Every structure is written in structure tokens, then in C-alpha cells.
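Have a look at the structure below, then the notes.
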């Protein structure tokens, strides 16, 4: 909120000073009246004192008003308001100097406090990354044991392990998505390789549930972090699998188109779709909706939320369109700017 | 038989990998101590090395770099670190491939296969002798008594796979699994069509009875 420094309020602040001053002027005037001075002196002396006093007050008012206005303009121009202490000029009056000094101290302590939490979070993220790194070893071992002892039971355990793996991935990317640091790496990659990897990853369930995959126009290069996109795409495909129609031929269509400004990757399924009113909320954290609740799909409301968060970090737009009982289409829109193409 | 050296500090994982590779036509060996890893890898004289990047006491990346200085053996790095930068670095250290834990073992097997083929080109098989006929992978044809018939990409893959599993029943799921692994994501109907066409083509070479359908179980190449 901007407090406007009006002259009247400035004067109000000086009410004691002014009344004392007026009191002394009146006293002087009484003394002057008691002695036989000329009219000129009786009027001139109090008037000269009075006017110099008010001119001085007015000048002070102008200086202060100018300075606080200057601070407000600075503030308005700053996105991170706390940076003001870095650029502010020191005024030539004492209250301003005190104010600056206080702001600096408050700021310093605030930054220290924020940093404390930043390090705590960074530390936690590192722990999560390490933990994930560790837990992957027993999973890899379990998968090898299953591979060496293939039967119906181990196959079923394998399917459960795949779920565990996905939850672990989610935790990893959740940790990655909530740090300020950039920990992705942009390089040129082929959309086709990314899509193939995701489809292969879900091969067992896609073949098992007889879900047809239709892919075309995917041989396009984009500049992005392929690991992140693989994770995002995997969440989308997992949703298509989870929310498919039973007793019907399921199909997932994946294709891309290259425009002047962007490359769009489309993932289209013929699943149960999303209720009209709920579409806008699907990217919200923890939103499960009718599909998650009524159909007992064990929805966590994390998958798409993470997709959106990671996309934001990567500079990729994600859009979703759906018609209930007809299907869902998700679009990933990669920018095709000259900036990214020269990396 | 080609030898694979497993450099992995998790004992259980190492042993299971050994069993797996031994079951899949390789001779697998594993390092058990890691105090002289670089020298051990070189003196093992294997055809391929699977190298875990997180070894106790030594830096896997350093090992990779040092081995590469003295040997051209194909190296696949196995790691549970999963990001683009680690992958790029490991390629810089001279690794041929990079695979993350928990790995898809079929993908690993395919990578090993392609690396080994590349490293001894003389062993590359472009033609497969399947007793009654010859499969020629380079121009996607089958040949019998000087009669040549062209097959599509999927048909030749199916035939090659059935031939590898000769005299065994192969389920439709297994065939699809194999095709998807090589990035032909066909659906159930397409598989039926492909099998029918393949059978028709075999018929032209008088090999009609070779490919049999086992109702409810799959197919068999006799």
C-alpha cells in the first residue's frame, strides 16, 4: 500500500513543534506590545520568524516527500522487492538514513532465514535422491531374480514392482520439481526415441490388456531434457491405461506436428474421459475427481500435477482436452525458438 | 562363447546377473574384490564389461577412463543415477552405453548383442541358415532352391524369432513382446495378419506345413 505524504498530514505530525513555536511567537508579540516599539518592528519581527519557519518546514516536506516517492517508485519497478536495499540511494536526512539501515538489517536477517530453509530443502532433496538411488538396487536385484525364475507368481510380483518403480520415480521428480536450481539438461533429442522408450517401458501391460498403439509423424527433433519428458509422457500414458474403457477396443494414438513456432506432441486415447467441470482442475495437486473416487482407480492426484510443474520448469506447455466417455487428448507443446535451437 | 565381465558390488545382484547371462548364451564372470579393479578388468580379457559406476572405494568413471586408455573392450555402464548429465559424462569417459537400474533386462540383452556384433564384425550374421531355407536379413528375403521371396520388416522379424525358438511353442504374447522390443508396436490383429501373410509366403516355397498354429497356445516352427 502506498502511503501518500500530504502536506497536511506532514504538518499534523509537527503539531507539538508548531504549537510551541506559535506559543513563543505570541509571547514575543506580548513582550513587544508591552514596550513602546514602533509598529513596524511589532509586525516585522514575528512575521520574519514565522515565515522563515514555515519555509524551512516546507523545504523539509519537499525533501522527504521526494525521497519516499523515490522509494515507492523503486519498489514498484522491482519484482523481488527485498532487493531494494541493494539499489537505494542514501538520503541526506537522518530519519531516511536510519530507515535504510533498518531495512538493510531486516533484509539481511530475512535472507539468512530463507537461506536456512533453502539449504534444508536442498539437503532433503539430496537425501531423497540418494535414497532413491539406493532403493533401485534391491528393485533391480528383485527383477533379476524374477527374470531367472519366471512363473505366474513372479510375473505377478513383477507387475507390483513396476508400480513401486513408478511411485519411486514420482518421488524423485517431485523432489526435482520443487527446487529452485535448474537440474535438467537441454539437448537435442528425437521425439520418436522418447515415445518408443515410454511404450517399451509399459510393454507388458499394453500387450496384456490388448491396447493398440498408433504412432505416426514422430521423427522430429526437439531441444529438451529427454529424461524429464520420458517421465512426463510415462505419467500420461499410465493415465491412458488406467482410465481405459473396459470391454472395448482400447487405443492410444501418439503423433507430433511441427509448426513455425512450436512442436506439438499429441497423446490421444479413447478412454473414459473426464467430466466437463473437472477438466480445469486435473493439474491441481491432489485432485482426483469423479474418475479417481467413484471408479476406485487409486488415484493420487500427483501424476498430472507433477507433469505440469515439470513442464513449467522445462518451458514446455501442457494442455488437456477431454470429452466424457469419448477420450482424452494431452498436448505437449515444445517451443521452437531460435534461442533453444542454437544450444 | 562370448565372455561378459560383471563389475557390480551388490553381491546378490551380481550373482543373479551371472545366472541370467549364463542362461542366455554368454559366459559370465564377476569381480568380487574391488581393490585393483582397473587391472582386473583388463586382465579378465572379456568381450564386454558391465560396469557399475558406484563401486566401493573407487570411482567408476575413473575406472572407465583408465580401462579405455588400455583396452577397446565394449563397456556398458550400469547405474542407478538417472539424469542426462551423468549419461553424457559417462559417454565422455569412453563408455559405449549407459543403462539405469532397475534395468529392463531385455533391453540390456539387446544392447549387449548389438555391441558385441559391432565389436566383431566378422561374426555378423546377415544370413541365417534355417535348414530348409535361408533367411537373408540384409535384403529381407527368404531363399529356397534358388527361389527368393521378399518379406516385410515384421514378417522377417517374426520368422527370425520363431527360428530362434525352433520346435518350441511360442505364444502370441512372446512374439509381440519381441516385436515391441524392436520398436514395431503392432496390435493383436496386425499380428494375425502378419502370420497369415507369412504362412502364405512360406506356402509359395512349399514350406506350408512348417509354421503351425497351436490353438490357444501360439505358434511353432517345426
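Chains as they are written, first to last, in this note's numbering: chain B, 8 to 350; chain S, 1054 to 1275.
Where a beta carbon is used, it is the ideal one built from N, C-alpha and C, also for glycine.
Small disclaimer: the values here were computed from a predicted structure and weren't measured.
Residue i touches chain S at which residues, Cβ-Cβ below 9 Å?
{"i": "residue 140(B)", "result": "1107, 1132, 1133, 1134, 1135, 1154"}
{"i": "residue 194(B)", "result": "1137, 1141"}
Counting only beta-carbon atoms, is residue i nearer than 9 Å to chain B?
{"i": "residue 1259(S)", "result": "no"}
{"i": "residue 1138(S)", "result": "yes"}
{"i": "residue 1157(S)", "result": "yes"}
{"i": "residue 1176(S)", "result": "Summary for residue 1176(S): the model assigns pLDDT 48, below 50, so the residue's position carries little reliability, and this model does not support an answer."}
{"i": "residue 1240(S)", "result": "yes"}
{"i": "residue 1262(S)", "result": "no"}
{"i": "residue 1144(S)", "result": "no"}
{"i": "residue 1222(S)", "result": "no"}
{"i": "residue 1160(S)", "result": "yes"}
Residues of chain S with CB under 7 Å from residue i, in chain order?
{"i": "residue 203(B)", "result": "1236"}
Would you please verify whether the beta carbon of residue i is less than 9 Å from any beta carbon of chain S?
{"i": "residue 168(B)", "result": "yes"}
{"i": "residue 190(B)", "result": "yes"}
{"i": "residue 172(B)", "result": "yes"}
{"i": "residue 327(B)", "result": "no"}
{"i": "residue 179(B)", "result": "yes"}
Residue i by DSSP, collapsed to three states: which one?
{"i": "residue 1054(S)", "result": "coil"}
{"i": "residue 1175(S)", "result": "Confidence at residue 1175(S) is low in this model, with a pLDDT of 46, below 50, so the placement of that residue should be treated as unreliable; the coordinate-derived value is given next. Helix at residue 1175(S)."}
{"i": "residue 153(B)", "result": "helix"}
{"i": "residue 1239(S)", "result": "coil"}
{"i": "residue 1194(S)", "result": "strand"}
{"i": "residue 1105(S)", "result": "strand"}
{"i": "residue 227(B)", "result": "coil"}
{"i": "residue 79(B)", "result": "helix"}
{"i": "residue 1271(S)", "result": "strand"}
{"i": "residue 202(B)", "result": "helix"}
{"i": "residue 334(B)", "result": "strand"}
{"i": "residue 175(B)", "result": "helix"}
Excluding sequence positions up to five away, which residues of its chain have a Cβ less than 8 Å from the Cβ of residue i?
{"i": "residue 111(B)", "result": "92"}
{"i": "residue 1156(S)", "result": "1131"}
{"i": "residue 1110(S)", "result": "1087, 1088"}
{"i": "residue 1144(S)", "result": "1151"}
{"i": "residue 35(B)", "result": "52, 53, 56"}
{"i": "residue 1234(S)", "result": "1159, 1160, 1163"}
{"i": "residue 1276(S)", "result": "Given a span of 1054 to 1275 for chain S in the structure shown, any question on residue 1276(S) remains unanswerable."}
Please compile the residues from chain B whose C-beta is within a distance smaller than 7 Å of the C-beta of residue i.
{"i": "residue 1065(S)", "result": "148"}
{"i": "residue 1069(S)", "result": "148, 151, 152, 155"}
{"i": "residue 1226(S)", "result": "214"}
{"i": "residue 1129(S)", "result": "Result: empty, since nearest Cβ-Cβ is about 14 Å, beyond 7 Å."}
{"i": "residue 1072(S)", "result": "155"}
Once you ignore the five residues that flank residue i on each side, which residues in its own chain have a CB closer than 6 Å to its CB?
{"i": "residue 271(B)", "result": "264, 338, 340"}
{"i": "residue 258(B)", "result": "219, 277"}
{"i": "residue 59(B)", "result": "none"}
Which residues in the same chain as residue i place their Cβ atom closer than 7 Å to its Cβ, once the five residues preceding and following it in sequence are excluded?
{"i": "residue 1097(S)", "result": "1058, 1082"}
{"i": "residue 1266(S)", "result": "1272"}
{"i": "residue 1158(S)", "result": "1073"}
{"i": "residue 235(B)", "result": "191, 317, 321"}
Which bits of chain B does residue i rub up against, with CB to CB less than 9 Å?
{"i": "residue 1230(S)", "result": "210, 211, 214"}
Hey, does residue i have any beta-carbon neighbour from chain C nearer than 9 Å?
{"i": "residue 55(B)", "result": "Going by chain labels, chain C is absent from the structure shown, which instead holds the protein chains B and S."}
When Cβ atoms are compared, which residues of the segment 206-235 of chain B fall closer than 9 Å to chain S? 206, 207, 208, 210, 211, 213, 214, 215, 217, 218, 219, 220, 221, 222, 232, 233, 234, 235
Please list the residues of the segment 143-156 of chain B that have a C-beta atom closer than 7 Å to any C-beta atom in chain S, keeping them in chain order. Cβ contacts with chain S: 143, 144, 146, 147, 148, 150, 151, 152, 154, 155.
Tell me which residues of the segment 1074-1098 of chain S have at least one Cβ-Cβ distance to chain B shorter than 8 Å, keeping chain order. 1076
When Cβ atoms are compared, which residues of the segment 1100-1126 of chain S fall closer than 7 Å to chain B? none
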